[in-house]
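Just so you know, full-length UniProt numbering puts 814 at position 814 of the sequence shown, and the rest follows in order with no gaps.
Note that CB positions come from ideal geometry on N, CA and C, so glycine has one too.
Note that the coordinates shown come from a computational prediction; the quantities given were computed from them, not determined experimentally.
Here is the structure we will look at, set down as structure tokens.
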Amino acid sequence: VLLEFSREKLKLRAKKVKEFSRELVIVKLRETREKKEENLLSVFLQDFPIDFVWSFLFGFYAFEEEEMSTTSGTGAVNYRNGTHRSSLRTQPSTSSAHKPSSLKSKSLLRKSSPAALGGAGGSKSGSGGDAGVPGRVRVAVRLRPRNGEEMIADADFADCVELQPELKRLKLRKNNWDTDTFEFDEVLTEYASQKRVYEVVAKPVVEGVLDGYNGTIMAYGQTGTGKTYTLGQLGEEDVADRGIMVRAMEDILAEVSLETDSISVSYLQLYMETVQDLLDPSNDNIAIVEDPKSGDVSLPGATLVEIRDQQSFLELLQLGEDHRFAANTKLNTESSRSHAILMVNVRRSLKPRDGLSSESNGNSHMTKSLKPPVVRKGKLVVVDLAGSERINKSGSEGHTLEEAKSINLSLSALGKCINALAENSSHVPFRDSKLTRLLRDSFGGTARTSLVITIGPSPRHRGETTSTIMFGQRAMKVENMVKLKEEFDYKSLSRRLEIQLDNLIEENERQQKAFVDEIERITVEAHNQISEAESRYANALEDEKQRYQNDYMESIKKLEENWSKNQKKLAAERLALGEKNGLDITSNGNRSIAPALEEVSELKKLLQKEAQSKMAAEEEVNRLKQQLNEFKKVEVSGNSEIMRLHKMLENETQQKEKLEGEIATLHSQLLQLSLTADETRRNLEQHGSEKTSGPRDSLMSQLRLPQIQDPGNAEKPPVARLFEQVGLQKILSLLEAEDADVRIHAVKVVANLAAEEANQQQIVEAGGLTSLLMLLKNTEDETIHRVAAGAIANLAMNETNQELIMDQGGIGLLSSTAANAEDPQTLRMVAGAIANLCGNDKLQTKLRSEGGIAALLGMVRCGHPDVLAQVARGIANFAKCESRASNQGTKRGKSLLIEDGALSWIVQNAKTETAAIRRHIELALCHLAQHEGNAKEMVKEGAIWELVRISRDCSREDIRSLAHRTLTSSPTFLTELRRLRVDIR
Ligand code: ADP
Ligand code: MG
1 VLLEFSREKL
11 KLRAKKVKEF
21 SRELVIVKLR
31 ETREKKEENL
41 LSVFLQDFPI
51 DFVWSFLFGF
61 YAFEEEEMST
71 TSGTGAVNYR
81 NGTHRSSLRT
91 QPSTSSAHKP
101 SSLKSKSLLR
111 KSSPAALGGA
121 GGSKSGSGGD
131 AGVPGRVRVA
141 VRLRPRNGEE
151 MIADADFADC
161 VELQPELKRL
171 KLRKNNWDTD
181 TFEFDEVLTE
191 YASQKRVYEV
201 VAKPVVEGVL
211 DGYNGTIMAY
221 GQTGTGKTYT
231 LGQLGEEDVA
241 DRGIMVRAME
251 DILAEVSLET
261 DSISVSYLQL
271 YMETVQDLLD
281 PSNDNIAIVE
291 DPKSGDVSLP
301 GATLVEIRDQ
311 QSFLELLQLG
321 EDHRFAANTK
331 LNTESSRSHA
341 ILMVNVRRSL
351 KPRDGLSSES
361 NGNSHMTKSL
371 KPPVVRKGKL
381 VVVDLAGSER
391 INKSGSEGHT
401 LEEAKSINLS
411 LSALGKCINA
421 LAENSSHVPF
431 RDSKLTRLLR
441 DSFGGTARTS
451 LVITIGPSPR
461 HRGETTSTIM
471 FGQRAMKVEN
481 MVKLKEEFDY
491 KSLSRRLEIQ
501 LDNLIEENER
511 QQKAFVDEIE
521 RITVEAHNQI
531 SEAESRYANA
541 LEDEKQRYQN
551 DYMESIKKLE
561 ENWSKNQKKL
571 AAERLALGEK
581 NGLDITSNGN
591 RSIAPALEEV
601 SELKKLLQKE
611 AQSKMAAEEE
621 VNRLKQQLNE
631 FKKVEVSGNS
641 EIMRLHKMLE
651 NETQQKEKLE
661 GEIATLHSQL
671 LQLSLTADET
681 RRNLEQHGSE
691 KTSGPRDSLM
701 SQLRLPQIQD
711 PGNAEKPPVA
721 RLFEQVGLQK
731 ILSLLEAEDA
741 DVRIHAVKVV
751 ANLAAEEANQ
761 QQIVEAGGLT
771 SLLMLLKNTE
781 DETIHRVAAG
791 AIANLAMNET
801 NQELIMDQGG
811 IGLLSSTAAN
821 AEDPQTLRMV
831 AGAIANLCGN
841 DKLQTKLRSE
851 GGIAALLGMV
861 RCGHPDVLAQ
871 VARGIANFAK
881 CESRASNQGT
891 KRGKSLLIED
901 GALSWIVQNA
911 KTETAAIRRH
921 IELALCHLAQ
931 HEGNAKEMVK
941 EGAIWELVRI
951 SRDCSREDIR
961 SLAHRTLTSS
971 PTFLTELRRL
981 RVDIR
């Protein structure tokens, strides 16, 4: 399978492997190496999916290739290749397809570059997180704890950063409410131990060096933030304080064998682009030499000290530190302006069996004949960089501008190289400075590089801290450079809070409901108890009463018995005595009873009398009742008589009006005739006698025309005839006549004409509407007002006319007419006109803003059912338009009717007996209820009960079902009905 895959495909598959899984592979690899397990691949094939194994394999081969280049002689190459083959061959028999044939695999494997399949170190060093990003600088940020001074000075302030080590994030506080978040490879808090810092920052690099790679560890940051503490701390007083240099050497010494391997160290200082030897201060201008072939960098002039134990290394570091201090004093510089560079060269000679690849070789007997020595060389460079704080360009610290520039040169060149590497740029400007030239072979490519950026917590140095963080961010690979914007998300917070609030509200409602229910239950229970107690009490009372009655009866009986006994006894005694003394005693006894009997009979008589008088009284009452009934009947008939008379009166009035109309017609006709006559006369006078007969004829024909020449006109009402004869313009001109009578007649004529739909357009076109409106304004006469308003009402049935009326200020005129009128008929006309306008969707807001609704509601003061019916009709029309608008989504919020206070009137009159009013009101209620925005108000005003009633009792089936529908489709109504346990089904 391996062979059948093209290289590209393999690359693709390898890339797919998840990063965490790679870490697992690495860990596994380390474990197996430690356990000296014979067959590495078998372990991987068992534990990991095949994708994985391949990716690992390619990383592994890449590594092997690199290793070859560090060994010398072609024999080694042969050996390595042999190892590849054998290691592949030794994989378990999980699948024969995994066994490649030697030649093809070799070429395939050779082509797989580390760049394509993850960094060489990635597969070996244990820091596989950036595998696939060769030469990527791993960046850790370390926060120094507050020092004594900061504890006091910044006591009231928060640190300028907040670390989230578990997320590998750092939040930089911009101000009290805003932070920027950055991701790093490692985030080390102020509590991070030196051991932990070593393990995450330096250990992978040191392991790489032991495996034959070069590596660099650098610390960058503002002076005083802990660069030297992190890298160079000797920890002689407290072992826990040991810095990276010391720990790295410990690890190296533990790993190498002193017989076969060697460790040599140089310690240098770079200041103003000059390399000084910290182990030999006299040696203060060391040249950097690069091997043009291998690219190896060396400093032949620098002291190289062999290290064989930790103690000698510590002494060397101490010496270097002392010399650094001395050199700085001599040069009058600060150590914070120079870079300190420790170089550790590790050279290991490996016997084949010690080699990693030979470990995995289950068939070692096959390769035993090829056993040349292997040498692995690795170089570790630890750089304690100059303070990152900006140097004052003015040179106030005793430097010239030139000096200031060159002090910074290496640092800025380093930044450029790091950025170039991070961006995978093809050109890395190593040549720009001494420092970067020195790091050339230990930086990028196959080398592993770790950068610790050190920051302090003080908000006073936020600027420097920010620039340090940005330096670190640029060092991360571009696509890895996540600057997470974590703006405080008020929206989602408010959403969350809203949801919480809603939940609380719901809960509260439920509790309230439960509370009400509980109270109800208790009340019912109490009622039950009371009625129970009452009935018990009543029963007991009854029993008691019964008992007493029985007792009473019994005692009466006893008494009677006793009495009769005594009587008998007495009689017996008397008899006995009488036998002795004769009968007179008996007669004496009779005499004593006689007066009592008399009394009784008297009482009886009295009683009889009483009974008689009672009967008489009852008879009297009955008689009176009958009389009352008769009176009532009379009253009813009287009422109907009155009604009849009323009607008659009305008829009479109508008759009178009609006659008046006719009179007006005749008047106008007369007027017209006289006008025509005048004209004719004038014509006659002008033209002399030549045309004597013409005008007279025409006049005559005018007069005769309707009756004689057009018999159809004979049927037409006089007004229409007049219209045809006289002409509209003339009639309208009479509306402005001086004579009030003429005006009245003219307006009546126009009103009559306007009542016919056919005439309406002509009237309006001729300016009749304007004239009618003017009449409302310019006259005081109530009749004119009434008739004109009626005409306007008729014209207002047409939509175009409605707009015209509004445009000409009709609402204002109608309103003021309504306000001044007393006559119900005038009010009826005005209300009718406004009611018509109310039915126009387009005029709703204008109508209302000009006081139309208010005028309408104002007219209810008159109380006449005809007026009220028009008002109700207007309201219903308006409500209908509103509900239409809210259905189309063009209307929001409460109804304008409700805002103008119509609702209470509606509710008050909803039960009126007058059918016309009632129907309109019911419709209005239904329309209002269709808009949920009105529901609350309708509940408050009690309109909901009218709706319930309508939905149950309305005689018109369509209104009934409309009311029902509106009730059931409004959540507000439903809630209210449920709350009050009203069932509307
Ligand atoms: P730099 O080299 O960046 O100028 P130093 O390493 O000299 O800074 O540190 C300045 C001071 O802060 C020293 O006294 C050092 O002991 C202290 N310090 C720095 N980092 C830490 C830390 N992580 N824990 C405790 N003390 C620290
Ligand atoms: Mg320092």
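| Asked | Found |
| --- | --- |
| If we call anything under 8 Å between Cβ atoms a contact, is Gly215 one with Leu380? | yes |
| Do you know how far the Cα of Ile875 is from the Cα of Ser683? | The sequence as given places Asn at residue 683; Ser does not occur at that position. So the alpha carbons of these two residues sit roughly 57 Å apart. |
| Apart from the five residues just before and just after Ala854, which ones in its own chain have a Cβ nearer than 8 Å to its Cβ? | Ser815, Asp900 |
| Reducing DSSP to helix, strand and coil, say where residue 1068 ends up. | Since the displayed the chain opens at 1 and closes at 985, residue 1068 lies outside it and no answer follows. |
| When the Cα atoms are used, what is the spatial distance from Arg138 to Arg437? | 20 Å |
| In the structure shown, what three-state DSSP assignment does Phe443 receive? | coil |
| Which of helix, strand or coil does DSSP assign to Val200? | helix |
| Could you check what DSSP says for Ile530 in three-state terms: helix, strand or coil? | helix |
| To the nearest angstrom, report how far apart Asn539 and Arg547 are at their CA atoms. | 12 Å |
| Whole-angstrom Cβ separation of Ala818 and Gly852, contact assumed at under 8 Å? | Not quite, the Cβ-Cβ distance comes to about 10 Å (not below 8 Å), so this is no contact. |
| Which one or two residues does DSSP pair with Thr449 in a beta bridge? | Val137, Thr216 |
| Does Gly463 pass the burial test, meaning 16 or more other C-beta atoms within 10 Å, or should it be called exposed? | exposed |
| Secondary structure at Asn713, three-state DSSP: helix, strand or coil? | Here Asn713 scores only 42 on pLDDT, less than 50, and its place in the model should not be relied on; the value that follows carries that caveat. Reduced to three states, the DSSP call for Asn713 is helix. |
| Measuring CB atoms only, is the stretch 883-899 touching the stretch 931-950, in the sense that at least three cross pairs come out at less than 8 Å? | yes |
| Is Met797 closer than 8 Å to Lys846 when the C-beta atoms are compared? | no |
| Would Leu411 and Ala447 be called neighbours here (beta carbons separated by less than 8 Å)? | no |
| Considering Glu190, what are the terminal residues of the beta strand (DSSP E) in which it resides? | No beta strand (DSSP E) holds Glu190; DSSP gives it neither H nor E. |
| Please tell me whether, using a cut-off of 7 Å, the distance from the CB of Thr329 to the nearest non-hydrogen atom of ligand 2 is below it. | no |
| Cβ of Ile834 within 8 Å of Cβ of Thr783? | no |
| Beta carbon of Leu735, beta carbon of Leu775: below 8 Å? | yes |
| Which residues in the same chain have their Cβ closer than 7 Å to the Cβ of residue 996, if we skip the five residues on either side of it in sequence? | Since the first and last residues shown for the chain are 1 and 985, residue 996 lies out of range. |
| Give the secondary structure of Arg978 by DSSP, where H, G and I count as helix, E and B as strand, and everything else as coil. | helix |
| Using DSSP with H/G/I as helix, E/B as strand and the rest coil, what is Val344? | strand |
| Which of the three DSSP states, helix, strand or coil, is assigned to His339? | strand |
| Going by other Cβ atoms of all chains shown within 10 Å of its Cβ, with 16 needed for buried, is Ser338 buried or exposed? | buried |
| Looking at the structure shown, is Gly472 part of a helix, part of a strand, or coil, going by DSSP? | helix |
| Quickly, what does DSSP pair Ser349 with across the bridge? List them, please. | Val375 |
| For Asp284, collect the residues of the same chain with a Cβ closer than 6 Å to its Cβ; drop the 5 residues on either side in sequence, then sort them by chain order. | Gln276 |
| Under a three-way DSSP split, which group does Val516 fall into? | helix |
| Closest to Gln888 by C-alpha separation, out of Lys625, Leu319, Asp841, Glu423, would be which residue? | Asp841 |
| In whole angstroms, what separates the C-alpha of Asp309 from that of Ser262? | 11 Å |
| Quick check: does the Cβ of Lys227 come within less than 7 Å of any heavy atom belonging to ligand 1? | yes |
| Taking the continuous beta strand (DSSP E) assigned at Phe182, which residues delimit it? | 179-183 |
| Would you identify the three-state DSSP class for Leu385, choosing helix, strand or coil? | coil |
| Run the CB neighbour count on Met218, radius 10 Å, all protein chains shown included, and call it buried at 16 or more, exposed below. | buried |
| Let's see if you can read the secondary structure: which residues bound the alpha helix (DSSP H) around Val907? | 902-909 |
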